[in-house]
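**Student:**
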């Protein structure tokens, strides 16, 4: 039997069922690109036609030329109808996805209670749907919902569902522990039986309701399953889906399975953190393999043993998954990452120069204070270009003031007053805004537009706030991420402060500095005109 | 073989190795009392004599008359010395603990590398220490550190360690997967062998580095181990220890083992949340069994199935572990979710009444304007109780003003001014804060504390901002989610506005209104005193 395991990522579909996760089409595109670099084999993107975000995602995903197969999720045809006329199956075909994942019932109780149809009609719904998709030339994956509960209740019927699916030509048949209540021993026994009975390749899809999703996925693979469905960081409904960030190294480093290449495995930690940033979800430090504390050593006895031989208290070499050992209480920027970034920008960064040491120290210190550059490329680029003298000072801040007032039953008023110097000239502007950040943005651009008219071509595309230390949320530090865009591309910047407004200002300033990189300041001939300003003052 | 499993809690010892957890003696006493109510059999309290907190804990714990056995942790005697004169063993005996847990080496590599002594001397260190403790009449538990790694490297030596321990009279021998790198199949095979070779009762102690700590504990029990060491919420070094909140229900509800009584099992969720509050660690909503989202349902299809029969999407009845079903009200779901929520609150909501229609219309309209109640249970509850006349007006807003100022190279200043009416009385307060929301929170509480002193017992635990319409981020609407907590539980509220400050204010007000549900206003006799206010104005 092959030891190659196919990795099916459903972060963009089942992962978004997680409480508090809501991804825009742009978020989904970014995550898909990151997943493709990581080397997953299938990327389930959403439900075509269910909402405008998913429609946009499938349209844009086609143009990305990813190696991974973009997969559309959907349901078997409706009861008492015809697959050829099913609008949902049509939307999957129209989406242009390379593969379809179709969910259907395999627990007789669910057929009666939830679907309210006959066991025979359910078999027909599954058979017709898969066969139709195969006739249309698309790869078809069948998700057997509640398979383990179904098998425990009525093994004959659960197996009949799989046989019917195989007969219809499904490329993969995925056994789902939808409620997450099955134990590893049960999974092992049931998958063993399925592999004996069914010729099609088998996949596994588990949930973490018993804190056993990873163990259940391993048990299924050990019993013969060859595809694992899961999500990055285990995002998903209720207690989450099976966490690919733990499953992949468990299979690949601890057992002799191959999932992705060893080089791709070193991208695991970075990918997990990047995706948590995009999803705007705090990543627990204690997360296995990829968490910040996964290889952190605190106790003195442990540390002294570690210094003799890391193997004494580390179960794998952290570098294998792109993570690293932390001994002291210091956040660490991967030096190699920074070097790689510098290389990308054609900055001559030699690993043992004094300047490199200074830059790394500066990044480490910022990270220690709560900055994170994984989701803020433009801020990192500015920092590096600053160090190499490749930036010009656009302006210096003298002060800003912000005023927000609400009277009962009246709209809120936000006003910002910005005093800056551009070269030798002092500029003082005032602007209103829909909110405090908008008011600051308006006032700052109003001050700069006469020198840099292009500044009107960019806009802020997304704004995220995260409390860094949750001990006392309104008194703790916050990290603001701003995404800006013009017609050509988008860029992200970061600001950190105990004060939400100051953190926003910092990210705002970086965003504007980045937009103006390489732009030449216009000299003002006579009186400045403010004709253009109306458009930002809405 | 007995199906009674002994539960050994090490939250107060190994749990405190968790990054960010630091417990005072008072914290430890509170947690020990809670653990005792929950029915764990052993409470490992710390290392006597290692620090003043632990000394105080053991002194005070003696007077609590707990049913659980207070256990002191320590090390085998030093190499080349005598157990009778070992200061560490003496401190254990002096602590008055009912049991001692002694850790020793069972991996030959560690004996050579970390301990730097001979294999024979290591055996003697273990034998002497256990025998001495038994002679002194105390229960003795031996923690065989790195047992699984040791067994894989040198099974004869690892087993020799256990045999020597049994010979010395240890009451329990605990096999530790100290580095957390062992897989469930290995644990099962190795424990099976140990149980064949060793007559003493066997315990298991696992770590979560592969996200397999729970599975490994179950595998050990299934192979014959009869004691499980773990921590509440899985606190512990690196990726944490085995999570008792998942292990206990997995053993007791899913298999036929007994750990604690069924009544005690219903205390599990409350205990987990209480201990997370004392430890001042944010409890992930997605935590299995005891998390806020563990039985939360979002998708419309799931919700309609749940209403037909909860078993369709719930692996156990949440009441068994003291948790409850939550229906996340989102646009996807609709009327049935709201009805279920009302039912949960004992509100008489008839599906075809006029009032029901009004409430549903109101929620739909709010959702249309960007509100999301799936992450804001408390706001939804307030909305429903408002509609049923079950709330009282705490205050009315006259106005708030917020002022933020930054001068170059100076710290930002945030000041808030709040004017409200409580009954007929007008109150005007001013407060500073670390940021704008903190300043508003401080000013509002300052105004209310004289009427509702309890308001000081709650705090804001998390704060999130998301732009709803991402087209133009700083001019678009934002959604603010605030999570608040007191010692008993946590709740979430939502605010939406184009203005970040107004949205934050709205979520803040809901949070406070929810906290004060059912609380009686205190009448102010004479002049209001502001003595208490200092504590929020830091």
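Protein chains in written order, with my numbering: chain A, 19 to 556; chain B, 19 to 556. Ideal Cβ positions, reconstructed from N, Cα and C, are used throughout, including at glycine.
1) Does residue 29 of chain B pass the burial test, meaning 16 or more other C-beta atoms within 10 Å, or should it be called exposed?
2) Please report the residue range of the alpha helix (DSSP H) in which residue 43 of chain B lies.
3) How many Å lie between residue 37 of chain A and residue 187 of chain B at the Cα?
4) How long is the line joining the alpha carbons of residue 47 of chain A and residue 88 of chain A, rounded to whole angstroms?
5) Between the beta-carbon of residue 236 of chain A and the beta-carbon of residue 282 of chain A, is there less than 9 Å?
6) Any beta carbon from chain A within less than 9 Å of residue 540 of chain B's own beta carbon?
7) Which residues, in order along the region 412-429 of chain A, keep a beta-carbon less than 8 Å from a beta-carbon of chain B?
8) Output, in chain order, the set of chain A residues within a Cβ distance shorter than 8 Å of residue 242 of chain B.
9) Please list the partners that residue 517 of chain B has in chain A, where partner means a Cβ-to-Cβ separation under 8 Å.
10) Which term fits residue 538 of chain A, buried or exposed, when burial requires 16 or more other beta carbons within 10 angstroms of its beta carbon?
11) What are the uninterrupted segments assigned as beta strand (DSSP E) that are 3 or more residues long and contained completely in the region 210-275 of chain B, given in chain order?
12) With DSSP as the reference, identify every bridge partner of residue 452 of chain A, one or two as the case may be.
13) Can you give me the start and stop residues for the beta strand (DSSP E) that residue 480 of chain B sits inside?
14) Should residue 483 of chain A go down as buried or exposed, given a rule of 16 or more other Cβ atoms within 10 Å for buried?
15) Reducing DSSP to helix, strand and coil, say where residue 417 of chain A ends up.
16) List the residues of chain A whose Cβ lies closer than 9 Å to the Cβ of residue 212 of chain B, in chain order.
17) Are the Cβ atoms of residue 225 of chain A and residue 203 of chain A separated by less than 9 Å?
18) Would residue 523 of chain B pass as an interface residue toward chain A - the criterion being a Cβ-Cβ separation below 9 Å?
19) Please list, in chain order, the chain B residues whose beta carbon lies closer than 7 Å to that of residue 264 of chain A.
20) Whose CA, out of A:440, A:369, A:381, A:454, lies closest to the CA of residue 421 of chain A?
21) Please list the partners that residue 170 of chain B has in chain A, where partner means a Cβ-to-Cβ separation under 9 Å.
22) In whole angstroms, what separates the C-alpha of residue 528 of chain B from that of residue 498 of chain B?
23) Check each residue of the region 297-313 of chain B: if its Cβ is closer than 9 Å to any Cβ of chain A, include it; give the result in chain order.
24) Inspect the beta-carbon positions of residue 84 of chain A and residue 50 of chain A and report whether they are closer than 9 Å.
25) Rounded to the nearest angstrom, what separates residue 152 of chain B and residue 132 of chain B at their Cα positions?
26) So residue 389 of chain A is in the beta strand (DSSP E); what residue range does that whole segment cover?
27) Can you give me the start and stop residues for the alpha helix (DSSP H) that residue 179 of chain A sits inside?
28) So which residues on chain A does residue 139 of chain B lean against when the C-beta distance must stay under 7 Å?
29) Suppose contacts are defined by Cβ-Cβ distances below 9 Å. Is residue 286 of chain B in contact with residue 339 of chain B by that definition?
30) When you compare each of B:122, B:414, B:262, B:471 to residue 541 of chain B by their alpha carbons, which one comes out closest?
31) Compare the beta carbon distance of residue 127 of chain A and residue 69 of chain A with 9 Å and say whether it is the shorter of the two.
32) Based on DSSP bridge pairs, tell me the residues matched to residue 12 of chain B.
33) Based on the DSSP secondary-structure assignment, which residues constitute the bridge partners of residue 27 of chain A?
34) Counting only C-beta atoms, is residue 386 of chain B closer than 9 Å to chain A at any point?
35) With DSSP collapsed to three states, give me the class of residue 163 of chain A.
36) Quick check on residue 424 of chain A: buried or exposed, where buried means 16 or more other Cβ atoms within 10 Å of its Cβ?
**Tutor:** Short version:
1) Buried, since its Cβ has 16 or more Cβ neighbours within 10 Å.
2) Residue 43 of chain B -> alpha helix (DSSP H) spans 43-56.
3) Approximately 51 Å, taken between the alpha carbons.
4) Looking at the backbone, the Cα of residue 47 of chain A and that of residue 88 of chain A are separated by about 11 Å.
5) Taking C-beta atoms as the reference points, residue 236 of chain A and residue 282 of chain A fail to come closer than 9 Å.
6) No, its Cβ sits nowhere closer than 9 Å to a Cβ of chain A.
7) Going along the region 412-429 of chain A in chain order, one finds 414, 415, 416, 417, 418, 419, 420, 421, 422, 423, 424, 425, 426 with a Cβ nearer than 8 Å to chain B.
8) Contact annotation for residue 242 of chain B against chain A: no contact, minimum CB-CB distance about 14 Å [criterion: below 8 Å].
9) Correct list: 422, 430, 432, 452, 453, 454.
10) The residue in question, residue 538 of chain A, is exposed, as its Cβ has fewer than 16 Cβ neighbours within 10 Å.
11) Given a length threshold of 3 residues, each whole run of the beta strand (DSSP E) inside the region 210-275 of chain B is given here in chain order: 220-224, 245-248.
12) DSSP, once it has assigned bridges, lists no residue as partnering residue 452 of chain A.
13) First-last of the beta strand (DSSP E) with residue 480 of chain B: 477-485.
14) Counting Cβ neighbours within 10 Å, residue 483 of chain A comes out buried, since at least 16 surround it.
15) In the three-state reduction of the DSSP assignment, residue 417 of chain A falls in the strand class.
16) Chain-order list of chain A residues neighbouring residue 212 of chain B: empty, with the shortest C-beta distance near 19 Å, by a criterion of under 9 Å.
17) The Cβ atoms of residue 225 of chain A and residue 203 of chain A do not sit closer than 9 Å to each other.
18) Against chain A, the CB of residue 523 of chain B has a partner CB under 9 Å away; the residue lies at that interface.
19) Ordered by position in chain B, the residues that pass the 7 Å Cβ test against residue 264 of chain A are 228, 229.
20) For the residues A:440, A:369, A:381, A:454, the minimum Cα distance to residue 421 of chain A belongs to A:454.
21) None at all; the shortest Cβ gap to chain A is about 12 Å.
22) Straight-line measurement puts the Cα of residue 498 of chain B at about 12 Å from the Cα of residue 528 of chain B.
23) Listed in sequence order: 298, 299, 300, 302, 303, 304, 305, 306, 307, 309, 310, 311, 312, 313.
24) Yes; because the gap between Cβ atoms is below 9 Å, this pair is in contact.
25) Inter-residue distance for residue 152 of chain B and residue 132 of chain B is about 27 Å (C-alpha atoms, whole angstroms).
26) Note, residue 389 of chain A: premise wrong, no beta strand (DSSP E); not H, not E.
27) Segment 173-185, the alpha helix (DSSP H) holding residue 179 of chain A.
28) Correct list: empty, because the minimum Cβ distance to chain A is about 18 Å.
29) Pairing residue 286 of chain B with residue 339 of chain B gives a Cβ-Cβ distance under 9 Å.
30) Cα-wise, what sits closest to residue 541 of chain B is B:471.
31) Contact: no.
32) The question about residue 12 of chain B has no answer, for chain B in this structure spans 19 to 556.
33) DSSP output for residue 27 of chain A lists A:61, A:248 as bridge partner(s).
34) Chain A, which has no Cβ nearer than 9 Å to the Cβ of residue 386 of chain B, makes this no.
35) In this structure, residue 163 of chain A counts as strand in the three-state DSSP scheme.
36) Classification of residue 424 of chain A: buried, given that the 10 Å Cβ count is 16 or more.
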